[in-house]
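Down below is the structure, laid out as structure tokens.
There are 2 protein chains.
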Amino acid sequence: MELAEGKQKFIEAWGRIGSEWGINRTMAQVHALLLISPEALTTEEVMEELNISRGNANMTLRDLINWGLIEKQHKPGERKEYFAADKDIWNVARQVAKERKKRELEPMLKVLKELSTVEGDKNDRAYATFNKSVTDINKLANNADRMIDTMLKAEESWFWSSVLKIFK
Amino acid sequence: MELAEGKQKFIEAWGRIGSEWGINRTMAQVHALLLISPEALTTEEVMEELNISRGNANMTLRDLINWGLIEKQHKPGERKEYFAADKDIWNVARQVAKERKKRELEPMLKVLKELSTVEGDKNDRAYATFNKSVTDINKLANNADRMIDTMLKAEESWFWSSVLKIFK
DNA sequence: TTTTATTTTCAATAATACTTGAAAGTTTAG
DNA sequence: CTAAACTTTCAAGTATTATTGAAAATAAAA
Numbered sequence: 001m002e003l004a005e006g007k008q009k010f011i012e013a014w015g016r017i018g019s020e021w022g023i024n025r026t027m028a029q030v031h032a033l034l035l036i037s038p039e040a041l042t043t044e045e046v047m048e049e050l051n052i053s054r055g056n057a058n059m060t061l062r063d064l065i066n067w068g069l070i071e072k073q074h075k076p077g078e079r080k081e082y083f084a085a086d087k088d089i090w091n092v093a094r095q096v097a098k099e100r101k102k103r104e105l106e107p108m109l110k111v112l113k114e115l116s117t118v119e120g121d122k123n124d125r126a127y128a129t130f131n132k133s134v135t136d137i138n139k140l141a142n143n144a145d146r147m148i149d150t151m152l153k154a155e156e157s158w159f160w161s162s163v164l165k166i167f168k
Numbered sequence: 169m170e171l172a173e174g175k176q177k178f179i180e181a182w183g184r185i186g187s188e189w190g191i192n193r194t195m196a197q198v199h200a201l202l203l204i205s206p207e208a209l210t211t212e213e214v215m216e217e218l219n220i221s222r223g224n225a226n227m228t229l230r231d232l233i234n235w236g237l238i239e240k241q242h243k244p245g246e247r248k249e250y251f252a253a254d255k256d257i258w259n260v261a262r263q264v265a266k267e268r269k270k271r272e273l274e275p276m277l278k279v280l281k282e283l284s285t286v287e288g289d290k291n292d293r294a295y296a297t298f299n300k301s302v303t304d305i306n307k308l309a310n311n312a313d314r315m316i317d318t319m320l321k322a323e324e325s326w327f328w329s330s331v332l333k334i335f336k
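Protein chains in written order, with our numbering: chain X, 1 to 168; chain L, 169 to 336.
So this is what it looks like as structure tokens:
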């Protein structure tokens with residue numbers, strides 16, 4: 001396969017995966033484009049490569065910055081802004097985990113905590129079932145939360161760093 | 169908080185979380201409803217509880233069956249079909265992991281394998297960067313794939329079952 | 001200060017994804 | 001076989017989300 005074709009396929013695939021995981025397709029494609037670009041690109045270049053509008057490119061690049069996946073760069077003597085992706089895939093995975101934890105897991109934990117205060121009669125099957133599910137999910141979510149923290153800190157504990165090595 | 173209010177909040181929260189993860193909101197809500205129902209429910213009951221149409225209820229219940237999250241039941245002497253969720257949250261997590269692996273991770277691995285056959289000159293920075301990203305993602309994805317397999321099998325190895333216990 | 005290059009915003013539009021409901025299909029009972 | 005109970009399908013409609021593009025804002029240069 002030719003490089004040009006490979007690039008197209010990579011951008012397309014990354015976009016598809018992103019949208020399957022609730023991430024805007026264009027955002028994933030811009031990220032893909034920057035991941036395979038040896039040089040930082042301008043908004044203009046991103047617009048051209050992916051055939052998207054200026055507004056879309058601008059917003060998408062900002063979102064990627066907020067996700068901590070790319071950064072703005074300035075070239076001396078130039079006025080334009082350049083954008084470059086963090087090429088370390090492990091950092092990308094960590095960053096995504098961190099953000100989703102913050103944006104989704106943590107709000108969910110808050111709701112679950114609230115829901116576990118619902119009182120009721122243990123002999124009421126409706127209450128018992130509700131309570132069991134909420135409690136179990138709460139437990140699992142808390143463990144997931146702690147586990148993500150541990151893996152984000154990583155290298156500290158011998159045990160977890162050995163797990164990480166296998167994964168990474 | 170009253171049980172009735174708790175139920176509403178739980179269904180709403182589960183729906184929101186689902187949609188953040190690329191799962192249809194209604195599907196997540198039906199799942200939530202069945203998770204907290206002590207008895208199996210009919211299509212009719214699901215329609216009423218969530219104010220959704222017959223067509224929607226039917227399709228959503230089928231999807232949940234395909235995800236392996238709920239099952240059809242029949243009561244003796246009755247013609248209607250009843251639906252009940254697997255209440256073991258750990259099973260739910262496993263099932264979701266298994267399905268997403270099959271639906272998303274595996275197709276991605278196929279594309280990455282193809283993309284790693286792209287040939288080029290190592291001195292060409294465009295090629296080198298493309299190749300590094302693809303190779304790194306490929307490696308990470310393969311490890312994730314293997315790790316999921318291991319965790320799904322679980323109990324077999326002493327090491328992993330100890331990891332699971334912490335998580336579970 | 002004025003001009004020019006560049007970035008940002010956001011109302012309007014387009015694309016996508018979800019839902020409805022009625023008709024067609026199936027299955028069981030009489 | 002026929003009717004009744006129930007399930008499935010899918011074209012049309014609705015809601016949600018993403019994208020455009022031109023105008024406004026900002027910032028550097030003249």
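Note that beta-carbon positions come from the ideal geometry of N, C-alpha and C, so glycine has one too.
The structure presented is a predicted model; accordingly, all values stated were derived computationally and were not measured.
Please classify residue i: does DSSP put it in a helix, a strand, or coil?
i, result
"residue 208 of chain L", "coil"
"residue 118 of chain X", "coil"
"residue 6 of chain X", "helix"
"residue 14 of chain X", "helix"
"residue 137 of chain X", "helix"
"residue 219 of chain L", "coil"
"residue 246 of chain L", "coil"
"residue 169 of chain L", "coil"
"residue 123 of chain X", "coil"
"residue 144 of chain X", "helix"
"residue 415 of chain L", "Lying before the first or after the last residue shown, residue 415 of chain L is absent from chain L, which here runs from 169 to 336."
What span of residues does the alpha helix (DSSP H) with residue i cover, start to end?
i, result
"residue 334 of chain L", "326–335"
"residue 249 of chain L", "Here residue 249 of chain L belongs to no alpha helix (DSSP H); instead the beta strand (DSSP E) covers 249–253."
"residue 89 of chain X", "89–100"
"residue 35 of chain X", "25–35"
"residue 223 of chain L", "222–234"
For residue i and residue j, what's the separation of their Cα atoms in angstroms?
i, j, result
"residue 335 of chain L", "residue 305 of chain L", "25 Å"
"residue 176 of chain X", "residue 241 of chain L", "Lying outside 1 to 168, the shown extent of chain X, residue 176 of chain X is not represented and no answer is given."
"residue 115 of chain X", "residue 148 of chain X", "23 Å"
"residue 301 of chain L", "residue 37 of chain X", "10 Å"
"residue 17 of chain X", "residue 170 of chain L", "40 Å"
"residue 237 of chain L", "residue 150 of chain X", "29 Å"
"residue 174 of chain L", "residue 24 of chain X", "32 Å"
"residue 131 of chain X", "residue 20 of chain X", "31 Å"
"residue 56 of chain X", "residue 327 of chain L", "47 Å"
"residue 212 of chain L", "residue 221 of chain L", "9 Å"
Following the continuous beta strand (DSSP E) through residue i, name the residue where it begins and the one where it ends.
i, result
"residue 240 of chain L", "238–242"
Sufficient close CB pairs (3 or more, under 8 Å) joining the stretch 209–223 of chain L to the stretch 265–275 of chain L: no
Contact the stretch 1–12 of chain X vs the stretch 20–34 of chain X: 3+ CB pairs below 8 Å: yes
Contact the stretch 221–238 of chain L vs the stretch 247–262 of chain L: 3+ CB pairs below 8 Å: yes
At least three beta-carbon pairs within less than 8 Å, the stretch 141–150 of chain X to the stretch 281–301 of chain L: no
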